[in-house]
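Positions in the sequence shown are counted from 1; adding 40 to them yields the numbering used here.
Let me begin by presenting the structure, written as structure tokens, before commenting on it.
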Amino acid sequence: MKKVVLTMKEEERYRVIKAVVNGKTSVQRAAVKLKRSERTIYRLIKLYKQQGKDGFIHGNAGREPANKRNAQLERRIIHLYTNKYAGFNIAHFHEFLTTAEQIAISESSLRLLFRHHHILSPKAHKATKRRVKRELKEKEKKAKLLSKRDEATLSAIEVVENIKAHPERPRKHYSGEQVQMDASWEYWFGTQKTTLHAAIDDQSGNVVGGYFAKQETLSGYYHVFAQVLRDYGAPAEFLTDRRTVFNSNKKEGSPSTENPLTRFGYACQTLGTELSVTSIPQAKGRIERLLETFQDRLTSELRLHNITTIADANRFLVGFIKRYNDRFASTIKSSMSVFDKQLTPKEIDNILIIANERSIGHGHCVRFDNKRYLPHRNGELVYLPPHTKVLVIKSFTGRLYMTTDDDQVYDLSCVPKEQFMSAKFDLTPAAAPTPKRTKKIPAITHPWRRANYRDYLDSLGINSTRVKQLVAERYPYKNSQAIQV
């Protein structure tokens, strides 16, 4: 005899209707107990008499849902995540799954699928790791054998001790009120570590600048600074760490304490931007969290696009930052922004400078970056006395010039270590005479003269129809689809 298995609700409904049929209770009492109408009770009585207990089984029992994904699609999704998109977090992977792979699935369904197969995100919480570890241990006890993917997941779960939490602080009220800046030295792409310099607006969360370099240097921060000035303007405050790029560590009593500003600090002072430094990472948590997010998202996308050079990475970073701001940041409203006016490239070139004190040598030249330079003005060399104190300035674009105590500005030309060629021993071929270009006057029938000829006919008072005929006779179009005059 076939055993009929009912759910708790179905079993309760069957037991009440059976009592009604056997005369142990009334239809009215059954309707109150099951919270159904008397008409429904009579329908269930008829169903009981015709089919018995089988009639109380739901019609969809044992039937797969119509919107259920097939196993092949699920295997494809898991294969993409574990191979092509390895290292992506689930939210990031979902974006590429719907756009690049054209697979329609909700993020919640994707998370349920991964949870069912014990697949962890790189950004999984400790509680999630503990839960997956318990489930895999129980599965191992029951099955005595785990799949290779489950074994890899179990070995990757590490017990991490709880760390002290740091309370959040409110965002600034205005955009541009504070911009946080920092750098991260990681394996962003390829096999060599590189440094990503980045800056983020505290109020809106907009990434206002980013630049890759080999090391964390003033040049890298200057490139980020230039992006901020060009795209947004000068902020009210920069918040950075206590690097010597930003904070001068000169001791009291040293000869150079008269000007404690660093080069970056001097540029901020020129623009009226306050420069604040801190040694506590939690004090600038916005930029720290951004770099952590970039280590997850940006690294994965750089690997996906096979980027291995700094130049390619900087080009890719422009589009990535725009997509990141569109996805996560708030729009900067002009009424809620304290960014100063955006600067032109020439103004940026004159502000983001590197200045160094030098002395004029006995050869009337100055040494800078292991090269010798001669000062000149208006194309004429200037011979300053030896030991004259000067200030050599290198602009953001690499242009060199020099100033003296009397505020005179000179251009610098590099002195080569040796002559390019010898006037005595190297024969130079005579330069061929440049042919003189003759001015070519178009002929009267040249098509360029069409408009002049038409204006001339109009000045004679000829009607427009006749003008078109005369112009067409003198300047006929070669193709039939030409525009009518």
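Each residue gets a CB set at the ideal place from its N, CA and C atoms; glycine is no exception.
Computed from a prediction, not measured in an experiment: that's the story for all the values here.
Of the residues the options, the one placed nearest residue i, counting alpha carbons only
{"i": "ALA351", "options": "ALA253, ALA512 and LEU279", "result": "ALA253"}
{"i": "ARG283", "options": "THR310, SER316, PHE265 and TYR88", "result": "SER316"}
{"i": "ILE393", "options": "PHE229, PHE436 and LYS58", "result": "PHE436"}
{"i": "CYS391", "options": "ASP366, GLN459 and LEU311", "result": "The question names Cys, but residue 391 is Ile in the sequence shown. Considering only alpha carbons, the answer is LEU311."}
{"i": "CYS308", "options": "VAL358, ILE388, PHE356 and GLN243", "result": "ILE388"}
{"i": "PHE356", "options": "PHE465, PHE229 and MET442", "result": "PHE229"}
{"i": "GLY273", "options": "LEU301, SER215 and LYS233", "result": "SER215"}
{"i": "ALA512", "options": "VAL219, GLY501, ALA491 and LEU500", "result": "ALA491"}
{"i": "PRO456", "options": "ASN410, SER370 and LYS108", "result": "ASN410"}
{"i": "TYR125", "options": "ARG209, ASN346, PHE304 and VAL248", "result": "ASN346"}
{"i": "GLU458", "options": "ARG412, ASP380 and LEU344", "result": "ARG412"}
{"i": "LEU452", "options": "LYS479, ARG171 and GLY419", "result": "GLY419"}
{"i": "ALA266", "options": "PHE304, PRO415 and THR231", "result": "PHE304"}
{"i": "ASN396", "options": "ARG79, LYS434, GLU147 and VAL56", "result": "LYS434"}
{"i": "PRO275", "options": "THR122, TYR493, GLN218 and HIS263", "result": "GLN218"}
{"i": "ASN110", "options": "GLU208, ILE143, GLY438 and LYS86", "result": "ILE143"}
{"i": "ILE145", "options": "GLN90, LYS181 and ASN107", "result": "ASN107"}
{"i": "ARG494", "options": "GLU180, ARG514 and ARG76", "result": "ARG514"}
{"i": "THR122", "options": "SER161, SER399, TYR88 and GLY438", "result": "SER161"}
{"i": "ALA131", "options": "ALA164, ARG116 and ARG115", "result": "ALA164"}
{"i": "SER319", "options": "HIS213, THR444, MET48 and MET221", "result": "MET221"}
Coil, strand or helix - residue i by DSSP
{"i": "ARG477", "result": "coil"}
{"i": "THR529", "result": "No answer is possible for residue 529: it lies beyond the span of the chain, which begins at 41 and ends at 525."}
{"i": "LEU424", "result": "coil"}
{"i": "VAL247", "result": "strand"}
{"i": "LYS89", "result": "helix"}
{"i": "THR168", "result": "helix"}
{"i": "GLY63", "result": "coil"}
{"i": "PHE368", "result": "helix"}
{"i": "ASP190", "result": "helix"}
{"i": "GLN459", "result": "coil"}
{"i": "ASP352", "result": "helix"}
{"i": "VAL56", "result": "helix"}
{"i": "PRO482", "result": "coil"}
Rounded Cβ spacing between residue i and residue j (contact assumed at less than 8 Å)
{"i": "SER340", "j": "PHE154", "result": "The pair is not a contact, with the Cβ atoms about 16 Å apart (cut-off 8 Å)."}
{"i": "VAL430", "j": "TYR441", "result": "About 10 Å separates the two Cβ atoms, so there is no contact after all."}
{"i": "VAL61", "j": "ILE81", "result": "Contact doesn't hold; Cβ gap of about 11 Å is too wide."}
{"i": "PHE408", "j": "VAL432", "result": "5 Å"}
{"i": "LEU120", "j": "GLU141", "result": "7 Å"}
Cross-strand partners of residue i (DSSP beta bridge)
{"i": "PRO275", "result": "DSSP lists no partner for PRO275."}
{"i": "TYR413", "result": "VAL406 and CYS454"}
{"i": "LYS429", "result": "SER399"}
{"i": "ASP281", "result": "THR318"}
{"i": "LEU236", "result": "SER224 and PHE252"}
{"i": "ASP241", "result": "VAL219"}
{"i": "SER377", "result": "SER215"}
{"i": "TYR441", "result": "ILE433 and ASP451"}
{"i": "ILE394", "result": "LYS434"}
Residues of its chain near residue i, where Cβ-Cβ distance is below 7 Å and the 5 sequence neighbours each way are ignored
{"i": "PHE368", "result": "GLY245"}
{"i": "GLU175", "result": "HIS158"}
{"i": "GLU226", "result": "LYS233 and GLN335"}
Sequence-distant residues of its chain with Cβ nearer than 6 Å to residue i (five each side left out)
{"i": "GLU256", "result": "ALA223 and THR235"}
{"i": "GLY260", "result": "HIS237, TYR251 and ALA253"}
{"i": "GLU147", "result": "HIS134"}
Nonlocal neighbours in the same chain, by C-beta distance under 8 Å from residue i, ignoring five residues either side
{"i": "GLU16", "result": "Shown here, the chain extends from 41 to 525; a query on residue 16 therefore has no answer."}
{"i": "LYS93", "result": "VAL44, LEU46 and TYR54"}
{"i": "ARG270", "result": "GLN382, LEU383, PRO385 and ILE388"}
{"i": "PRO482", "result": "TRP488 and ARG489"}
{"i": "LEU338", "result": "TRP228, LEU236, LEU357 and PHE360"}
{"i": "ALA353", "result": "TRP228, PHE229, THR234, PHE252, LEU342 and ILE347"}
Residue i: CB within 8 Å of a non-hydrogen atom of the ligand FMN
{"i": "SER340", "result": "You won't find the ligand FMN in this model; it holds no ligand whatsoever."}
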